[in-house]
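Residue numbers (the working numbering), protein chains in the order written: chain A, 1 to 265; chain B, 1 to 300; chain C, 1 to 402. We treat Cβ as the ideally placed atom computed from N, Cα and C, and that holds for glycine. Here's the structure, in structure tokens; my notes come after.
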Amino acid sequence: MDMEPILDVKQLTMDFGGLRALDSVDLDVSQGEIVALIGPNGAGKTTFFNCITGIYDPTGGDIMITAPKNGRTQRINGIKPNLVTEKGLARTFQNIRLFQNMTVLENVMIGCHCRMKAGILGAVLRGISTRREEEAVIQKSYSILKKIGLEKYVNEFAKNLPYGAQRRLEIARAMATEPFMLLLDEPAAGMNPQETRELDELIVKICETEGISILLIEHDMKLVMSLSDRIFVMDYGKKIAQGTPAEIRKNPAVIKAYLGEEIDA
Amino acid sequence: MEYFFELFLGGLTRGSIYALIALGYTMVYGIVQLINFAHGEIYMIGAFTALIVISVLTMMGWNQIAILLIAAGVAVIYSSAYGYTMEKIAYKPLRQAPRLSALISAIGMSLFLQNYVLLAQTSDFLPFPGLIPDFEFMEPYAHIIGSPELVIIITTTIVMISLTFLIKFTKIGKAMRATAQDRDMAMLVGVDVNRVISMTFIIGSATAAIGGVLIASHIGQINFYIGFIAGIKAFVAAVLGGIGSIPGAVLGSLILGWTESFFTGYISSDYEDVFAFIFLVVILIFRPAGILGRSTAEKV
Amino acid sequence: MLVNELKKSFLISLWFMFLTFPIMVIRVNTVENIIQWRWANLFFVGIGSFVLSALWRYLIRRKEQGIKKTEVDGVARVTLSQRLLRERRFTIPALIVIAIVALAFPFVFSLYQTNIMITALIYVLLGLGLNIVVGVAGLLDLGYAAFYLVGAYSYALLNYHFGFGFWTVLGLGAGMAALFGIILGFPVLRLRGDYLAIVTLGFGEIIRLIMENWNEFSFGPSGIANIPRPGFFGVEMNFEQVTVYVYFLMIALSLFTIFVVNRLQNSRIGRAWIALREDEVACQAMGIDKRKTKLMAFALGATWAGFAGVVFAAKTTFINPASFTLWESINILCVVVLGGMGSIVGVIVGAFILILLPEYLRFLSEYRILAFGTVLVLMMVFRPGGIVETVRRTYQYEEADH
Chain A
1 MDMEPILDVK QLTMDFGGLR ALDSVDLDVS QGEIVALIGP NGAGKTTFFN
51 CITGIYDPTG GDIMITAPKN GRTQRINGIK PNLVTEKGLA RTFQNIRLFQ
101 NMTVLENVMI GCHCRMKAGI LGAVLRGIST RREEEAVIQK SYSILKKIGL
151 EKYVNEFAKN LPYGAQRRLE IARAMATEPF MLLLDEPAAG MNPQETRELD
201 ELIVKICETE GISILLIEHD MKLVMSLSDR IFVMDYGKKI AQGTPAEIRK
251 NPAVIKAYLG EEIDA
Chain B
1 MEYFFELFLG GLTRGSIYAL IALGYTMVYG IVQLINFAHG EIYMIGAFTA
51 LIVISVLTMM GWNQIAILLI AAGVAVIYSS AYGYTMEKIA YKPLRQAPRL
101 SALISAIGMS LFLQNYVLLA QTSDFLPFPG LIPDFEFMEP YAHIIGSPEL
151 VIIITTTIVM ISLTFLIKFT KIGKAMRATA QDRDMAMLVG VDVNRVISMT
201 FIIGSATAAI GGVLIASHIG QINFYIGFIA GIKAFVAAVL GGIGSIPGAV
251 LGSLILGWTE SFFTGYISSD YEDVFAFIFL VVILIFRPAG ILGRSTAEKV
Chain C
1 MLVNELKKSF LISLWFMFLT FPIMVIRVNT VENIIQWRWA NLFFVGIGSF
51 VLSALWRYLI RRKEQGIKKT EVDGVARVTL SQRLLRERRF TIPALIVIAI
101 VALAFPFVFS LYQTNIMITA LIYVLLGLGL NIVVGVAGLL DLGYAAFYLV
151 GAYSYALLNY HFGFGFWTVL GLGAGMAALF GIILGFPVLR LRGDYLAIVT
201 LGFGEIIRLI MENWNEFSFG PSGIANIPRP GFFGVEMNFE QVTVYVYFLM
251 IALSLFTIFV VNRLQNSRIG RAWIALREDE VACQAMGIDK RKTKLMAFAL
301 GATWAGFAGV VFAAKTTFIN PASFTLWESI NILCVVVLGG MGSIVGVIVG
351 AFILILLPEY LRFLSEYRIL AFGTVLVLMM VFRPGGIVET VRRTYQYEEA
401 DH
């Protein structure tokens, strides 16, 4: 790994009152990588995501990002979630948070929001540039839905979608923000084996054809082992191991943390 | 210093009254997450019922203390009955509806009850007899605190203590706490949620009725509109303390009572209400869930 | 079955007879110490509640069956109003009829009727403005009357002190209201739901109470009188002509409002508002600036209250703080909710019903507000989506068109 990482987290610490949810966690992701973050329930994985995406302001440490587009490195600790997204990090949620009463197309259009310009005046006058922009956004959203395989639901309300499709719509919506990196929080949770397999293919496709790097939290070890280039393991707020799937499988600390659970499914 | 004490006790009295009304708001909110806008009207109906009973009994020449106790008893019964019925008509059918619908329904109920009393009785202010006697042992302190104020403070304290006891140690109290935490889960473990909600309305209405009788006899007059202003003030107090929390409602009420009392006493009486609202806004900006409220950080 | 129902109704009527006994039967006058017993009322309550309770249970049962049916079918019923609104065959003639009625109204009906119409149109403006905040962005605002006040006082005070004319202040008043929208918006950005509602309520009351007490600035409770009516290039007009003029001005302003609000709703900003209402956290994670979006909703919502306030001051020529109480805010909220939240047609229908119904129900005179309260409860129980349950127009993708 001599490439400069696009996401470089150093010594990230997060305290809630007296509780240390994250304790000096290091993690890095390079361009084009699929990295998994695993660990038992309550290990602090989602907290880690929330710190990176600006929902929490971490107590200590540095979160550095380097946008591949211009190679500029920035520290993004404590900036607002919408700015994190604007800088090119988009996420999905563990507990699905779609805009339930909006259509699938509209959900994805919302993702395009920060890449659009129309203001109040533009909206009222609806000049040629605004109309073009709206038209372009609809086309772009549709093409994203097509890539994700949701085009048949395009005009449905998000709440009427089957569960697996809702998870995929979360990904589609995140992709609409034009990120260089996607953070997926348990994307396979609640999916059946068939859906999980499709998700596996989808994630690989996003990474390879779109050039979007992926950091994902997942409990499905089979998916994690087949997808990931590298794996980070957390337990009780600390990073206990990192390495390739093969290394992780053999790591005694990991086996201890997962005692009784199947790693190499 | 004496003036300070006078204001302090004045604020305590005010706060006690607010607390009696605020309890109903906060309990209902804790259980069904509804701003019961018509709660002030229950308080008003309590006061009116008491006045009617008092007038009838006075004509029959009964003893003053007996009248006061009977009137308060009847007011409590009637207010509870109104609270119970109101929940069945205006809120129960809306359990699954958006919260705004329930709020509008409550506003409708409030308008209805106000005008019901206005039409059935009168729009004029009616004098309300001061039934609380002046105690002899209070005479040396009369320049600081009167007997009615003392009765108000003591009654409120008793009500608070019994309520705390009820919620902490009785079966219905446990059921209430369970329902407040998670209604569906409570239902699953066999709590009769409908009964719990009814009980909450009944208890909240009963304390409001006590407040109604006390404040009416303290101020000396009532009309159909008193519920609205008292209701808003009590609601502010409940939110100030952290809506849904019973100690919060008491604390919020006392703070509001004292602020108003000291502000009018030392600064100006013109902006009393303005100050109360500014205080509320400032508190909520710095502590968005109120003073004792749990800030429910959303799980992401 | 029938016996059971009768028994239930009978018990309920007994309960209501008990419930209403002191207040309906006994009337006291503590000034003159007179007690009046009105036993006949007890009889009326008994009969009334017997019939109404049977009707109530029938309607509740029908509603529950309706819900079950939609659950089974999986599709929501399309109501008559929704179908009519979609049908172009119907909407175009309807619009033409409305336009003709609107144009002819002041010439056909009396001055009094025209004045009521102006009031209704003011509420259309207020309703559409509040609809942006409550209906679209989902921010419960109970202090909306404050912005209405700002608009009205802007005109009254600017005119009194500096002699500004109606047309100058129309824009200024709206701008002032928008500014106040932002001033209110900033501190409440972190608040949600009921806390937001109570703080906006407090804010509304603060502004009104300041106006009531700050005599040097606002002339206190006695208000400001002799506010000039709007002029038309210096043409002298008598009272009747001015009223007609204000009527058409309001028609124009309403059309303008409908146009702007409609465009806003179906734009990038409108989408962001809806997303904000649906899920704040996800909304931010999608790159939407929560602060900016909320402030825009508050400011743009307040703008229309500002317009309405200026026209109101010019129409009545007299304002005082009593016109802008919490009840006024609630009234406007009812316009939005009764008509159908988030729907422009709904809000317009709501405004007309809310203003015109009580006016034409004069025969009910003192029972008006009682009836109004009842209608609010019944509406929420039996038709919570509002009178016009319109489905929001969504963005649709049609492949063939592109």
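1. Give the straight-line distance between the Cα atoms of glycine 74 of chain C and tyrosine 247 of chain C, rounded to the nearest whole angstrom.
2. Please tell me whether valine 347 of chain C and asparagine 159 of chain C are closer than 8 Å, where the distance is taken between their beta carbons.
3. Figure out for me which residue from C/Glu5, C/Gln241, C/Val97 has the closest Cα to the Cα of arginine 61 of chain C.
4. Determine the chain B residues that contact arginine 27 of chain C at a beta-carbon separation under 7 Å, and present them in chain order.
5. So, proline 179 of chain A versus alanine 36 of chain A, is the Cβ gap smaller than 8 Å?
6. Go through its chain and collect everything with a Cβ distance to valine 224 of chain A's Cβ below 7 Å, but skip five positions before and after it.
7. Are the Cβ atoms of phenylalanine 147 of chain C and glycine 223 of chain C separated by less than 8 Å?
8. Would you tell me roughly how many angstroms separate the C-alpha atoms of phenylalanine 376 of chain C and isoleucine 89 of chain B, rounded to the nearest one?
9. Can you list, in chain order, the residues of its chain with a C-beta nearer than 7 Å to that of phenylalanine 382 of chain C? Leave out the 5 residues immediately preceding and following it.
10. When the distance is taken between beta carbons, is leucine 215 of chain A closer than 8 Å to valine 25 of chain A?
11. For isoleucine 79 of chain A, collect the residues of the same chain with a Cβ closer than 6 Å to its Cβ; drop the 5 residues on either side in sequence, then sort them by chain order.
12. Comparing the C-beta of cysteine 334 of chain C with each C-beta of chain B, is any distance below 8 Å?
13. Is glutamine 113 of chain C helix, strand or coil when you go by DSSP?
14. Quick one: give me the first and last residue of the alpha helix (DSSP H) that phenylalanine 352 of chain C is part of.
15. Could you tell me whether any Cβ in chain B is nearer than 8 Å to the Cβ of leucine 209 of chain C?
16. How many whole angstroms separate the CB atoms of methionine 1 of chain C and glycine 46 of chain C, which I take to be in contact at a CB cut-off of 8 Å?
17. In the DSSP assignment, what are the bridge partners of proline 127 of chain B?
18. Phenylalanine 93 of chain A to tryptophan 304 of chain C, Cα distance in whole Å?
19. Exposed or buried, which one is phenylalanine 112 of chain B when buried takes at least 16 other CB atoms within 10 Å?
20. So, does the CB of asparagine 95 of chain A fall closer than 8 Å to a CB anywhere in chain C?
21. Tell me where the alpha helix (DSSP H) around threonine 155 of chain B begins and ends.
22. Given a cut-off of 8 Å, decide if isoleucine 122 of chain C and valine 311 of chain C are closer than it, judged by their beta-carbon atoms.
23. With burial defined as no fewer than 16 other Cβ atoms inside 10 Å of the residue's Cβ, what is the status of arginine 264 of chain C: buried or exposed?
24. At least one CB of chain B closer than 8 Å to the CB of glycine 74 of chain C: is that the case?
25. Name, please, each residue of chain C whose Cβ falls closer than 7 Å to the Cβ of alanine 90 of chain B.
26. By the criterion of Cβ-Cβ separation under 9 Å, what are the contact partners of leucine 105 of chain A in chain C?
27. Expressed to the nearest angstrom, what Euclidean distance is found between the alpha-carbon atoms of threonine 156 of chain B and glycine 193 of chain C?
28. Would a C-beta distance cut-off of 8 Å place tyrosine 84 of chain B and alanine 102 of chain B closer than the cut-off?
29. So, with DSSP's three-state summary, where would you put arginine 230 of chain A?
30. Let me check one thing: in DSSP terms, what residues is tryptophan 37 of chain C bridge-paired to?
31. Run through chain C and tell me which residues come within less than 9 Å of cysteine 114 of chain A, C-beta to C-beta.
32. Beta-carbon within less than 8 Å of serine 154 of chain C's beta-carbon, same chain only, minus the 5 sequence neighbours each way: which residues are those?
33. By DSSP, does glutamine 121 of chain B sit in helix, in strand, or in coil?
34. Measuring alpha carbon to alpha carbon, tell me which of A/Leu125, A/Tyr56, A/Thr13, A/Gly119 ends up nearest valine 84 of chain A.
35. Do you know how far the Cα of phenylalanine 16 of chain A is from the Cα of valine 188 of chain C?
36. For the stretch 135-148 of chain A, list every residue whose C-beta sits within 9 Å of some C-beta in chain C, in sequence order.
In short:
1. The predicted position of glycine 74 of chain C is uncertain, since its pLDDT is 48 and thus under 50; no value can be drawn from it.
2. no
3. C/Glu5
4. Gln121
5. no
6. Ala36, Ile38, Glu218, Ile231
7. no
8. For clarity, residue 376 of chain C is leucine in the given sequence; the question names phenylalanine instead. Distance between the alpha carbons of leucine 376 of chain C and isoleucine 89 of chain B is about 12 Å.
9. Leu59, Lys63
10. no
11. Gly54
12. yes
13. helix
14. 344-360
15. yes
16. Going by Cβ atoms, the distance from methionine 1 of chain C to glycine 46 of chain C rounds to 23 Å, so no, they are not a contact pair.
17. B/Gln221
18. 37 Å
19. buried
20. no
21. 147-169
22. yes
23. Note that residue 264 of chain C is leucine in the sequence shown here, rather than arginine. It is buried - the Cβ of leucine 264 of chain C has at least 16 other Cβ atoms within 10 Å.
24. The predicted position of glycine 74 of chain C is uncertain, since its pLDDT is 48 and thus under 50; a value taken from the coordinates is nonetheless stated next. So no, glycine 74 of chain C is outside the interface.
25. Val377
26. Thr394, Tyr395, Gln396, Tyr397
27. 31 Å
28. no
29. strand
30. C/Ile26
31. Met286, Gly287, Ile288, Asp289
32. Val169, Leu172, Gly173, Met176, Ala177, Gly306, Gly309, Val310
33. coil
34. A/Tyr56
35. 24 Å
36. Glu135, Val137, Ile138, Gln139, Ser141, Tyr142, Leu145
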